[in-house]
Amino acid sequence: QKSSPAQTEFYQAAEEVLESIRPLLDKDKHYREHGIVERLVEPERQIMFRVVWQDDQGRVQVNKGYRIQFNSALGPYKGGLRFHPSVNAGIIKFLGFEQIFKNSLTGLAIGGGKGGSDFNPKGRSDAEIMRFCQAFMSELYRHIGDTIDVPAGDIGVGAREIGYLYGQYKRLTGSYEGVLTGKGLKWGGSLARKEATGYGAVYFAQNMLEERGDSLNGKVCLVSGAGNVAIYTIEKLYELGALPVTCSDSQGTLYHAKGIDLALLKELKEVRRSSLEVYLEAHPDAVYTPVSAYPADGHAVWRYSAQAAFPSATQNELTDADAKVLLENGVYCISEGANMPSTAQAVDRFIDARICYGPGKAANAGGVATSQLEMAQNASMTQWTFEEVDHRLKDIMAGIFQRSISTAREFDQPDNLVLGANIAGFRKVADAMIEQGLV
Ligand code: NDP
Numbered sequence: 012q013k014s015s016p017a018q019t020e021f022y023q024a025a026e027e028v029l030e031s032i033r034p035l036l037d038k039d040k041h042y043r044e045h046g047i048v049e050r051l052v053e054p055e056r057q058i059m060f061r062v063v064w065q066d067d068q069g070r071v072q073v074n075k076g077y078r079i080q081f082n083s084a085l086g087p088y089k090g091g092l093r094f095h096p097s098v099n100a101g102i103i104k105f106l107g108f109e110q111i112f113k114n115s116l117t118g119l120a121i122g123g124g125k126g127g128s129d130f131n132p133k134g135r136s137d138a139e140i141m142r143f144c145q146a147f148m149s150e151l152y153r154h155i156g157d158t159i160d161v162p163a164g165d166i167g168v169g170a171r172e173i174g175y176l177y178g179q180y181k182r183l184t185g186s187y188e189g190v191l192t193g194k195g196l197k198w199g200g201s202l203a204r205k206e207a208t209g210y211g212a213v214y215f216a217q218n219m220l221e222e223r224g225d226s227l228n229g230k231v232c233l234v235s236g237a238g239n240v241a242i243y244t245i246e247k248l249y250e251l252g253a254l255p256v257t258c259s260d261s262q263g264t265l266y267h268a269k270g271i272d273l274a275l276l277k278e279l280k281e282v283r284r285s286s287l288e289v290y291l292e293a294h295p296d297a298v299y300t301p302v303s304a305y306p307a308d309g310h311a312v313w314r315y316s317a318q319a320a321f322p323s324a325t326q327n328e329l330t331d332a333d334a335k336v337l338l339e340n341g342v343y344c345i346s347e348g349a350n351m352p353s354t355a356q357a358v359d360r361f362i363d364a365r366i367c368y369g370p371g372k373a374a375n376a377g378g379v380a381t382s383q384l385e386m387a388q389n390a391s392m393t394q395w396t397f398e399e400v401d402h403r404l405k406d407i408m409a410g411i412f413q414r415s416i417s418t419a420r421e422f423d424q425p426d427n428l429v430l431g432a433n434i435a436g437f438r439k440v441a442d443a444m445i446e447q448g449l450v
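With the UniProt record's numbering applied, the sequence shown covers 12 to 450.
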């Protein structure tokens, strides 16, 4: 029920974290004494608001707006805005909760937050998108600031939306400050921010494979999604000599054995905003499977043979049945570009199989890390080159991998990066909360 969300995704995310930090809580009793878990699962602040705007026909439209300011122990709240009809308070809460640990894991000074709206941008004109963004920011602006809370993009919020949101913030406050990340390159954006989440997920996979004396070179890869994360995952996979053969959107899945035509994919999704089915006009040898023909227990994109997989669309898009088929079909490296794309059962299966499995909160942290680099550039009024930002991103991903694997080893589960990432992320936030007292 949209009006009374059950918070299913939040419980799923919280259970995963609480389950995997148990060995730490048993070892270091003071976390329990300070009530850290009870404090962490409760957001510092949740803002819900009405967004009223007018469509092109002059009709009044009303949407729900959200911003959750979950934890500020490590720095200003940081996390994206999602515009998608499935958004509700539970989804925003799960994303905000994950963001706390992810941001901690980057090693940077950023707290956890998230926001969005149930607004559906599909089929809306540019003018409607602008009016919606202006109406959304007319309430959000009073809760954010460059040292308070710095939102970014997520599903349905890209460069265009960030532009309209930023313009309205500036109009309302008269202030030109780094209050959003993912900004245009001409007005405070960072080079390589657009590419960062996808590139980062690929760097993370590379780190996992290199640890086992392997590499991405020559690997056939499955990628889901066809948005910001998926596109730049595909781009970096090609650069590293891998062969991405799939992508997907909310209407269907595309399989192209020769490798996805990246230039065409960018044209279809970044410029024309059209369905993937149109890809067949240029490539009749590709295979398109509409959602109506998906297997009943999962997703067509995971049913092809490959060695690596990059879930990059949305939460719970990879089921237990998908996980079973993936493993049977030879996949032994999974790096999650999306947030919580694998169901809890699928995650258990990957951990039991001891494959290279990089959970989203570690593998997709390159996006938020580069957002922090954008904040640093804004604060010092400089702009770094693409190579400089990409170089830092690569180092940050290597750092996240090292923190995750060394923590997993410390707790005698060397292949379990879920445990490693959760404990490493938790420990830093928890220590900061203890040092800052009961606030
Ligand atoms: P985009 O809006 O750019 O793309 C999302 C893609 O996933 C689209 O192809 C969309 O299909 C598809 N999709 C979205 N929802 C569904 C759904 N319910 N069922 C099937 N397909 C769906 O978003 P991003 O690429 O930015 O985000 C993808 C994932 O990565 C999300 O989980 C996000 O939270 C996560 N993420 C993003 C970061 C970023 O920097 N952008 C940072 C860290 C994580 P269609 O085109 O048909 O809408």
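In this text, a Cβ means the ideal position worked out from N, Cα and C, and glycines have one as well.
- For the options 260, 409, 255, 277, the alpha carbon positioned closest to that of residue 267 is the one of 255.
- In this structure, the C-beta of residue 139 stays at least 8 Å away from each heavy atom of ligand 1.
- Inter-segment contact for the stretch 334 to 345 and the stretch 72 to 89 is absent: fewer than three beta-carbon pairs are separated by less than 8 Å.
- Judged by DSSP in its simplified three-state form, residue 313 adopts helix.
- Following the DSSP letters along the chain, one finds residue 21 inside the alpha helix (DSSP H) bounded by residues 19 to 31.
- Excluding the 5 residues flanking it on each side, residue 247 has same chain C-beta neighbours closer than 7 Å at 209, 210, 213, in chain order.
- Assignment of residue 343 by DSSP, reduced to helix, strand and coil, places it in the coil class.
- Annotation: the stretch 136 to 190 contains the following complete segments of the beta strand (DSSP E) (minimum length 3 residues), in chain order: 160 to 163.
- Closest option to residue 377, judged by alpha-carbon separation, among 117, 105, 26, 55: 117.
- For a cut-off of 8 Å, the C-beta gap from residue 411 to residue 222 is around 13 Å, too long to register as a contact.
- Counted as a single uninterrupted DSSP element, the stretch harbouring residue 251 is not any beta strand (DSSP E), since DSSP gives it neither H nor E.
- Under DSSP, residue 93 shares a beta bridge with 127.
- Taking residue 335 as the centre and dropping the five residues before and after it, the same chain places the C-beta of 360 closer than 8 Å to its C-beta, in chain order.
- Exclusion of the five residues before and after residue 112 leaves 28, 123, 372, 432, 433, 436, 437, 440 as the residues of its chain whose Cβ lies within less than 8 Å of its Cβ.
- The DSSP-derived three-state label of residue 233 is strand.
- Around the Cβ of residue 196, a 10 Å sphere holds fewer than 16 other Cβ atoms; the residue is exposed.
- Counting other Cβ atoms within 10 Å of its Cβ, residue 397 stays below 16 and is therefore classed as exposed.
- The beta carbon of residue 226 lies closer than 6 Å to those of 220 in the same chain, with the five residues before and after it left out.
- Within 10 angstroms of the beta-carbon of residue 132 lie 16 or more other beta-carbons, which makes it buried.
- Look at the stretch 56 to 105 and you find these whole runs of beta strand (DSSP E), each 3 residues long or longer: 56 to 65, 71 to 82, 88 to 94.
- Nearest Cα to residue 338 within the set 363, 349, 408: 363.
- Here residue 188 is not near residue 160, since their CB atoms are 9 Å or more apart.
- In the DSSP assignment, residue 369 falls within the unbroken beta strand (DSSP E) covering 367 to 369.
- Judged by DSSP secondary structure, residue 304 falls outside any beta strand (DSSP E); it is assigned neither H nor E.
- Secondary structure at residue 353: strand, using DSSP grouped into helix, strand and coil.
- DSSP places residue 319 in the uninterrupted beta strand (DSSP E) bounded by 319 to 321.
- Contact between residue 170 and residue 193 holds, with the beta-carbon distance rounding to 7 Å and staying under 8 Å.
- Residue 255 is bridged by DSSP to 232.
- At least one heavy atom of ligand 1 lies closer than 8 Å to the C-beta of residue 95.
- DSSP places residue 329 in the strand class (E or B) of the three-state scheme.
- The alpha-carbon separation between residue 249 and residue 19 amounts to approximately 37 Å.
- Rounded to whole angstroms, the gap between the alpha carbons of residue 163 and residue 375 is 14 Å.
- Burial of residue 74 is indicated by the presence of at least 16 other C-beta atoms within 10 angstroms of its C-beta.
- The alpha-carbon separation between residue 386 and residue 449 amounts to approximately 29 Å.
- Inclusion of residue 77 and residue 59 in the CB contact set at 9 Å is warranted, their separation being smaller than that value.
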